[in-house]
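K.L.:
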């Protein structure tokens, strides 16, 4: 790599949470300055800024929104809570449509307090999708079920493997419900390669996200993701695997790590771009 | 439950690490006093006390040793390290034989620093077993591969699911290599019930351990196991599942939790017995 051979960043997307120290205008300006044309956004900062206004900012900055994080949290048993979750997800679908992204990432939700039936909780996820999938499809948005690492199964996401995600997604049309392949959540699973092939053959890979696995895990486990190349995941192998399955979409970097948030955003993005080229692309 | 209906604790085994505040003599006396006839032991405290002496203590206290934790750590690449691991595991097998237990629990080991090939690391586990399985079989000891939760895949155990454990175990005779079913590690896996049936049909369930899943996880994740009934695992359902697969051996309680270690050992064991009856047996 030299200055004469610029990085090919065409497929790189920066998930907003990776540089959450940045405001939306800083994100837009910072990505444009770094030669990055794609971002993944989160609902809360977009709502705070204004959804229409955020959509205009991204457009005016030449940025494509590759995904919106996140809908989901479908596992409540209480009828009122379930209705509220469906309403909130319809709003998320509308927001995704306004932002011009075809992908709404779903985190399924954990087990309600006192609940010990994870299989039933997974069925409640499917029940919610039966209501939401047509609504999403009519708006050109695909619901992307994200399997989260099994360490989050009780408190965040009862869908832990790509196989489980596909078992649910395949009950719906592929243009309405897809899956997320995130290296951080799936790297340990020997069955994931077969599931990637299965997802790719059906055109269900809606989103490919990368982060590295590092230890020790911090308390609560949520904010322990590693910068690309700092951990033990064969990131390039995973990219090749989704490509072999037919996926040629964005490669979205999503790293939750307070050490990155404490640094200058532009430095983080420059490092990310370099790491992306060295370890992924 | 009243004083007139004593708990049936015949199958309950207390893993030593659950009450690590106790010395071996305290463990022996405390279990005998609580009407518990089975214990799982750990190598380090047994070695410190003396292996022969520990075997005699358990025998004289009327206690059966249900398992010895732990051998394993087979994933090194370096030839010297691999030879040392094999030697150490031969010693562990000898210790298990001396203690009169037929079960040596194996924790496979994590990824060496800089290694990004988890599939190859799993093959190194199988390579080590090819050397050790006949040695164990000749001494009446079965090597029990324990899948650990995927959150430990990089730093402790590259075998994360019962399916992965069986894929390795099935290369060897069932009387030489079995598997451990531990609710804490497997509760989230929708494929585990089928793997339990597969393991049971082949007589490969060497050990059944129980602990509950609670959150938030502590830093490092290791010491976050929950007392029976405090978490979200359907422990009784898991016991029934292993029994339906033909397992009728001990139910070993193995909880790593500093809050339990800070308490009086006899109180912890009394609580455990009550929880075992209420949530497991």
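Residue numbers (our numbering), protein chains in the order written: chain A, 1 to 281; chain B, 282 to 562.
No residue lacks a Cβ here, since even glycine has one placed at the ideal position from N, Cα and C.
1. Alpha carbon to alpha carbon, how far is residue 430/B from residue 388/B?
2. To which residues of the same chain is residue 286/B closer than 7 angstroms at the C-beta, ignoring the five residues directly before and after it?
3. Entirely within the segment 324-382 of chain B and at least 3 residues each: give me those beta strand (DSSP E) ranges in chain order.
4. Indicate the three-state DSSP secondary structure (helix, strand or coil) for residue 180/A in the structure shown.
5. Taking 8 angstroms as the CB-CB cut-off, is residue 501/B touching chain A?
6. Could you check if residue 521/B is buried or exposed, using at least 16 other CB atoms within 10 Å of its CB as the buried criterion?
7. So residue 183/A and residue 235/A are in contact, right, with Cβ under 8 angstroms, and what is the actual spacing, rounded?
8. Between the Cα of residue 269/A and those of 33/A, 11/A, 25/A and 8/A, spot the shortest distance and give me the residue it belongs to.
9. Do you know how far the Cα of residue 238/A is from the Cα of residue 373/B?
10. In angstroms with no decimal places, state the Cα-to-Cα distance between residue 290/B and residue 554/B.
11. Please name the residue, chosen from 561/B, 375/B, 446/B and 451/B, that lies closest to residue 492/B on a Cα-to-Cα basis.
12. Does the Cβ-Cβ distance between residue 179/A and residue 191/A come in under 8 angstroms?
13. What's the C-alpha gap between residue 363/B and residue 357/B?
14. For the alpha helix (DSSP H) containing residue 235/A, list its first residue and its last residue.
15. Does the beta-carbon of residue 206/A have 16 or more other beta-carbons within 10 angstroms, so that it is buried, or is it exposed?
16. Go to residue 252/A, then tell me how far its beta strand (DSSP E) extends in each direction, as first and last residue.
17. Sort 556/B, 392/B, 500/B and 533/B by Cα distance to residue 539/B and report the nearest one.
18. Where DSSP assigns a beta bridge to residue 12/A, which residues make up the other side?
19. Between the C-alpha atoms of residue 293/B and residue 328/B, what's the straight-line distance to the nearest angstrom?
20. Residues of chain B with CB under 7 angstroms from residue 164/A, in chain order?
21. Cα-Cα, which of 101/A, 266/A, 50/A and 128/A is closest to residue 68/A?
22. Residue range of the alpha helix (DSSP H) that residue 445/B falls in?
23. Just curious, the alpha helix (DSSP H) that residue 259/A is in, first and last residue?
24. Shorter than 8 angstroms from the beta carbon of residue 359/B to some beta carbon of chain A?
25. Any Cβ of chain A within less than 8 angstroms of the Cβ of residue 431/B?
26. My understanding is that residue 390/B touches residue 433/B, with C-beta atoms under 8 angstroms, so please give their C-beta distance in whole angstroms.
27. Contact between the segment 240-250 of chain A and the segment 195-209 of chain A: three or more CB pairs below 8 angstroms?
28. I need the DSSP call for residue 396/B, collapsed to helix, strand or coil.
29. Could you give the distance in angstroms between the alpha-carbon of residue 457/B and the alpha-carbon of residue 410/B?
30. Please tell me whether residue 292/B has its Cβ less than 8 angstroms away from any Cβ of chain A.
31. Output the distance between the C-alpha atoms of residue 251/A and residue 39/A, rounded to the nearest integer angstrom.
32. Do residue 282/A and residue 199/A have their C-beta atoms closer together than 8 angstroms?
33. Does residue 116/A have its Cβ less than 8 angstroms from a Cβ in chain E?
34. Does DSSP classify residue 438/B as helix, strand or coil?
35. For residue 484/B, is the classification buried or exposed, using 16 other Cβ atoms within 10 angstroms of its Cβ as the cut-off for buried?
36. Check distances from the C-beta atoms of the segment 117-131 of chain A to those of chain B and list, in chain order, the residues that come in under 9 angstroms.
P.N.:
To lay it out plainly:
1. Here the question's residue 430/B lines up with position 149 in the second chain. Here the question's residue 388/B lines up with position 107 in the second chain. Approximately 11 angstroms, taken between the alpha carbons.
2. The residue labelled residue 286/B in the question sits at position 5 within the second chain. Unreliable positioning characterises residue 286/B in this predicted model, as indicated by a pLDDT of 49, which lies under 50. A coordinate reading is not provided.
3. 345-353
4. Counting from 1 along the first chain, the entry for residue 180/A is found at position 180. Of the three classes helix, strand and coil, the one that applies to residue 180/A here is strand, per DSSP.
5. To locate residue 501/B, count along the second chain from 1; it is residue 220. So, interface residue.
6. As a first step, residue 521/B is located in the second chain; it is residue number 240 there, counting from the start. Classification for residue 521/B: exposed.
7. On the first chain, residue 183/A is found 183 positions in, with the first residue counted as 1. On the first chain, residue 235/A is found 235 positions in, with the first residue counted as 1. Between residue 235/A and residue 183/A the Cβ distance is about 6 angstroms, and since that is below 8 angstroms, they are a contact.
8. Residue mapping note: residue 269/A aligns to position 269 of the first chain, counting from 1. Closest by alpha carbon: 33/A.
9. Sequence index remark: in the second chain, residue 373/B carries index 92 (1-based). Sequence index remark: in the first chain, residue 238/A carries index 238 (1-based). Cα-Cα distance, rounded: 38 angstroms.
10. The residue labelled residue 290/B in the question sits at position 9 within the second chain. The residue labelled residue 554/B in the question sits at position 273 within the second chain. The straight-line gap from Cα to Cα measures roughly 7 angstroms.
11. Residue mapping note: residue 492/B aligns to position 211 of the second chain, counting from 1. Minimum Cα distance to residue 492/B is reached at 561/B.
12. Counting from one through the first chain, the residue named residue 179/A turns up at place 179. Counting from one through the first chain, the residue named residue 191/A turns up at place 191. No, Cβ-Cβ distance for residue 179/A and residue 191/A is not below 8 angstroms.
13. Counting from one through the second chain, the residue named residue 363/B turns up at place 82. Counting from one through the second chain, the residue named residue 357/B turns up at place 76. Computed Cα separation, rounded: 6 angstroms.
14. Sequence index remark: in the first chain, residue 235/A carries index 235 (1-based). Segment 235-244, the alpha helix (DSSP H) holding residue 235/A.
15. Counting from 1 along the first chain, the entry for residue 206/A is found at position 206. The residue in question, residue 206/A, is buried, as its Cβ has 16 or more Cβ neighbours within 10 Å.
16. Along the first chain, read from residue 1 onward, the residue named residue 252/A stands at position 252. From DSSP, the beta strand (DSSP E) with residue 252/A extends over 251-253.
17. In the second chain, counting from the first residue as 1, residue 539/B sits at position 258. Ranking 556/B, 392/B, 500/B and 533/B by Cα distance to residue 539/B puts 500/B first.
18. Within the first chain, numbered from 1, the residue matching residue 12/A stands at position 12. According to DSSP, residue 12/A bridges with 251/A.
19. As a position in the second chain, residue 293/B is number 12, starting the count at 1. As a position in the second chain, residue 328/B is number 47, starting the count at 1. Looking at the two C-alpha atoms, the distance is approximately 24 angstroms.
20. Position 164 of the first chain, counting from 1, holds the residue named residue 164/A. Here the neighbours are 471.
21. Looking up residue 68/A in the first chain gives position 68. It is 101/A whose Cα lies nearest to the Cα of residue 68/A.
22. On the second chain, position 164 is the one that residue 445/B refers to. Start and end: 443-450.
23. The residue labelled residue 259/A in the question sits at position 259 within the first chain. Start and end: 258-261.
24. In the second chain, the residue the question calls residue 359/B occupies position 78. No, residue 359/B lies away from the interface with chain A (no Cβ there is under 8 angstroms from its Cβ).
25. What you label residue 431/B is simply residue 150 of the second chain in a count that begins at 1. Yes - at least one Cβ of chain A is within 8 angstroms of the one on residue 431/B.
26. As a first step, residue 390/B must be located in the second chain, where it is residue number 109. As a first step, residue 433/B must be located in the second chain, where it is residue number 152. Not really, about 10 angstroms apart at Cβ, beyond 8 angstroms.
27. yes
28. Taking the first residue of the second chain as position 1, residue 396/B is located at position 115. Correct three-state label for residue 396/B: coil.
29. Looking up residue 457/B in the second chain gives position 176. Looking up residue 410/B in the second chain gives position 129. Computed Cα separation, rounded: 9 angstroms.
30. As a first step, residue 292/B must be located in the second chain, where it is residue number 11. Output row for residue 292/B: interface = no.
31. Walking along the first chain from the start, residue 251/A turns up at place 251. Walking along the first chain from the start, residue 39/A turns up at place 39. Using only the alpha carbons, I get a separation of about 10 angstroms.
32. Residue 282/A falls outside the range modelled here, since chain A spans only 1 to 281, and no answer is possible.
33. Within the model displayed, chain E is absent; protein chains A and B are what it includes.
34. As a position in the second chain, residue 438/B is number 157, starting the count at 1. It is a strand residue.
35. Counted from its first residue, the second chain places residue 484/B at position 203. Flag for residue 484/B reads exposed.
36. 117, 118, 119 and 122
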